[in-house]
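Numbering-wise (the numbering used here), the sequence shown opens with residue 2 and increments by one.
Cβ coordinates follow ideal geometry from the N, Cα and C atoms, glycine included.
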Amino acid sequence: MSNRLPSISEAEWEIMKVLWKNGSQTAHQVIQAIQKQTDWKPKTIRTLLDRLMKKQVVGVNKEQKVYIFFPLYSEDECKRAETQSFIKRIYGGTFKPMLVQFIEEESLTKEELDELRSILERKRKEK
Numbered sequence: 002m003s004n005r006l007p008s009i010s011e012a013e014w015e016i017m018k019v020l021w022k023n024g025s026q027t028a029h030q031v032i033q034a035i036q037k038q039t040d041w042k043p044k045t046i047r048t049l050l051d052r053l054m055k056k057q058v059v060g061v062n063k064e065q066k067v068y069i070f071f072p073l074y075s076e077d078e079c080k081r082a083e084t085q086s087f088i089k090r091i092y093g094g095t096f097k098p099m100l101v102q103f104i105e106e107e108s109l110t111k112e113e114l115d116e117l118r119s120i121l122e123r124k125r126k127e128k
């Protein structure tokens, strides 16, 4: 796996969520799962699977009559890459302005604030 994860569109995220949740699946199984939550046509879903394969985010086992699709990256890896991309695009690669804006604009519960404080304290001790 390369260190640089390709960008994944919102529609492709939906396909990935199905694969992360259900594990390796045939195209038909992915289509059935996606159609429970969207009105996408099978051809659209197959196109998304093809794009994910070309981006090398999804692998395919072609040893059987029916192709089996599986994620090549974990959900955490994709979330981390997406977060880093967002911070770079929107906040110039600096995390602090995003965190400040989030804390100032969100109404956080005491428990959420305590959890954030605990995470920050743990990070401080690690350094």
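- Assigned with DSSP and collapsed to three states, I69 falls in strand.
- With a minimum length of 3 residues, the unbroken runs of beta strand (DSSP E) contained wholly in the segment 32-93 fall at 59-62 and 69-72.
- Counting only the Cα atoms, Y68 lies some 45 Å from P98.
- Q26 has F70 as its beta-bridge partners, per DSSP.
- I16 counts as buried, since at least 16 other C-beta atoms from the protein chains shown sit within 10 angstroms of its C-beta.
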